[in-house]
Amino acid sequence: LPPFDPADPLGLDDLLAPEDLAVRDTVRAWAAERVLPHVAEWYEKGELPVIRELARELGAIGALGMSLEGYGCAGASAVQYGLACLELEAADSGIRSLVSVQGSLAMYAIWRYGSEEQKRRWLPSMAAGETIGCFGLTEPDHGSDPAALRTHAKRDGADWVLTGRKMWITNGSVAGVAVVWAQTDEGMRGFVVPTDAPGFSAPEIRHKWSLRASVTSELVMDGVRLPADAVLPGVTGLKGPLGCLSHARYGIVWGAMGAARASFEAALDYARTREQFGRPIGGFQLTQAKLADMAVELHKGVLLAHHLGRRMDAGRLRPEQVSFGKLNNVREAIEICRTARTILGANGISLEYPVMRHATNLESVLTYEGTVEMHQLVLGKALTGLDAFR
Ligand code: FAD
7 LPPFDPADPL
17 GLDDLLAPED
27 LAVRDTVRAW
37 AAERVLPHVA
47 EWYEKGELPV
57 IRELARELGA
67 IGALGMSLEG
77 YGCAGASAVQ
87 YGLACLELEA
97 ADSGIRSLVS
107 VQGSLAMYAI
117 WRYGSEEQKR
127 RWLPSMAAGE
137 TIGCFGLTEP
147 DHGSDPAALR
157 THAKRDGADW
167 VLTGRKMWIT
177 NGSVAGVAVV
187 WAQTDEGMRG
197 FVVPTDAPGF
207 SAPEIRHKWS
217 LRASVTSELV
227 MDGVRLPADA
237 VLPGVTGLKG
247 PLGCLSHARY
257 GIVWGAMGAA
267 RASFEAALDY
277 ARTREQFGRP
287 IGGFQLTQAK
297 LADMAVELHK
307 GVLLAHHLGR
317 RMDAGRLRPE
327 QVSFGKLNNV
337 REAIEICRTA
347 RTILGANGIS
357 LEYPVMRHAT
367 NLESVLTYEG
377 TVEMHQLVLG
387 KALTGLDAFR
């Protein structure tokens, strides 16, 4: 039998092909060199000062729009994209959010619903990280219920005129292009908005206690005039943004396990070396129970992510299954981080260790891309056939 590996107790690496391992190693090495040495400082300052450099470097390693085909994208498998999300979030959820919003929300919307001209204009520079994208769905008064959003686009001759406000938009202030969802006379439509358009502004939201190494913004659209071809031609209605969200949520199913893994590793390392009552705290049964339960949930979560990835690669992944994964993995990841925090005692609350940063980051991950309650309602509806949303 192969020896027991504390880093891979179920032998899940056996599920991965050499190409998958190569992707994982590349992203892990990039994050170790470019993110981990600096992220505590960015987090403390509440800023991501090098976001443009990071975006270009992520583009260079093929991590932006990674699982999309053509237009400069890497055309990787869903499993490989998931592994990349896990490694990025093991560094910080803010970096994974940058990549999720760029690839799975902004680029995916254009790739899936855009015209050939829109794809050619935007996707290559977004894949290279030259242009950062954002995705504006949430509004100050409409979060979980986006069907009720108020931002609207009206025809004026051949042009569109876009008016409204978006809230909590990742990458907003640094974006060169915004995909904005708005009501029109024809139903909800997506618009590709260059952020230098007159009437568009994106003030940054400060004072966050979570995802501090991530840019989060308001989008203000005050009569932004757009040409007729700014609309995404391929979709009308809520299924447009929901299709993008499903793709991004899939990445989060993996990503959350990265934050959990980093916290688990910190706790295991600490438990082996920290001594109280004359012996390592890892030798106490209560600490071992915590570590065993954390390892069980961590690797079950990775196995679930892998299963969903294979279904996505086979074109068989249903949105309810993504909800299943997002609900479980983010909820368990935050629990793992909180338990890891207790093992580190007072050091657990320090930025010298990653666990509190991961735990507070996951508070955002628990809320965005559908709250826990929304995913419970999705599954509740699928199980019972009864819609409890309203
Ligand atoms: P609400 O919808 O007001 O919900 C408040 C509470 O009520 C939640 O617990 C919710 O589950 C519960 N609730 C609501 N309806 C029901 C119901 N029917 N039954 C039971 N409970 C219910 N949005 C974007 O569009 N683009 C982005 O890039 C983006 N980035 C984000 C980054 C960060 C850091 C954060 C925190 C958020 C981001 N969001 C983004 C917004 C995010 O998607 C929303 O916050 C989320 O959808 C929840 O909306 P809300 O905050 O308005 O909460």
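In this text, residue positions in the sequence shown follow UniProt numbering: the first is 7, and each later residue adds one.
Using N, Cα and C, we set each Cβ at its ideal position, and we do this for glycine too.
It should be emphasised that the depicted structure is a prediction, and the values quoted were computed from it without experimental measurement.
What is the residue span of the alpha helix (DSSP H) that Gln291 lies within? Gln291 to Asp319
Using three-state DSSP, classify Asp162 as helix, strand or coil. strand
Looking only at DSSP bridge pairs, what is Thr190 linked to? Gly193
Taking all protein chains shown into account, decide if Glu122 is buried (16 or more other Cβ within 10 angstroms of its Cβ) or exposed. exposed
Cα-Cα separation between Thr32 and Ile67, rounded to whole angstroms: 8 Å
Could you name the residues that DSSP lists as bridge partners for Glu145? His148
Ignoring anything shorter than 4 residues, give me the alpha helix (DSSP H) runs that lie fully in the segment 13–54, in order along the chain. 24–40 and 45–51
Proximity of Leu304 and Ile342 at Cβ, strictly below 8 Å: yes
Return the chain-ordered list of same chain residues with a C-beta closer than 6 Å to the C-beta of Phe141, the five sequence neighbours on each side being excluded. Val107, Leu111, Ala112 and Val185
Counting C-beta neighbours from all protein chains within 10 Å, is the total for Glu95 16 or more, i.e. buried, or is it exposed? buried
In the structure shown, what three-state DSSP assignment does Gly284 receive? coil
By the DSSP assignment, the beta strand (DSSP E) with Val226 in it spans what residues? Thr222 to Leu232
Can the beta-carbon of Met263 be found closer than 8 Å to that of Thr169? no
Grouping DSSP H, G and I as helix and E and B as strand, with all else coil, what is Glu369? helix
Pick helix, strand or coil for Cys140, following the three-state DSSP scheme. strand
Assuming Gln124 and Val198 make a contact with CB atoms under 8 Å, what is their CB distance in whole Å? 6 Å
Let's test the definition: count the other Cβ atoms within 10 Å of the Cβ of Ile355 and tell me whether it reaches 16, buried, or not, exposed. exposed
Along the chain, where does the alpha helix (DSSP H) containing Gln327 start, and where does it finish? Pro325 to Ile349
I need the straight-line Cα distance from Ser329 to Glu224, nearest angstrom please. 27 Å
Please check the pair Val45 and Ala97, which I expect to be a contact at CB under 8 Å, by giving their CB distance rounded to whole angstroms. 6 Å
Answer yes if the segment 80–92 comes into contact with the segment 255–275, meaning at least three C-beta pairs across the two stretches below 8 Å, and no otherwise. yes
Does the Cβ of Cys343 lie closer than 7 Å to at least one heavy atom of the ligand FAD? no
So the alpha helix (DSSP H) Cys250 belongs to, where does it begin and stop? Lys245 to Thr279
Reduced DSSP category for residue 1 - H, G, I as helix; E, B as strand; rest coil: Outside the shown range of the chain (7 to 396) lies residue 1, about which nothing can therefore be said.
With hydrogens ignored, establish whether the beta-carbon of Gly229 is closer than 7 Å to any heavy atom of the ligand FAD. no
Does the distance from the CB of Val167 to the CB of Phe206 come in under 8 Å? no
Output the boundary residues of the alpha helix (DSSP H) element that contains Leu385. Val378 to Thr390
Would you say the beta carbon of Ile175 comes nearer than 7 Å to a heavy atom of the ligand FAD? yes
Decide if Glu145 is buried, meaning its Cβ has at least 16 other Cβ atoms within 10 Å, or exposed. buried
Could you tell me whether the segment 339–353 touches the segment 363–376, using the rule of 3 or more Cβ pairs below 8 Å? yes
Does Ala82 get closer than 8 Å to chain B when you measure Cβ to Cβ? Among the chains of the structure shown, chain B does not appear; only one protein chain is present.
Within 10 angstroms of its Cβ, does Leu70 collect 16 or more other Cβ (buried), or is it exposed? buried
Thinking just about the alpha-carbon of each residue, which of Thr176, Ala301 and Gly193 is nearest to the one in Ala268? Ala301
Counting only runs that start and end within the segment 46–96, where is the alpha helix (DSSP H) found for 4 or more residues in a row? 57–66
Out of Val384, Phe290 and Arg363, point me to the one whose CA is closest to Leu217's CA. Arg363
Name the residue from Asn335, Arg58, Ala346 and Leu357 whose alpha carbon lies nearest to the alpha carbon of His381. Asn335
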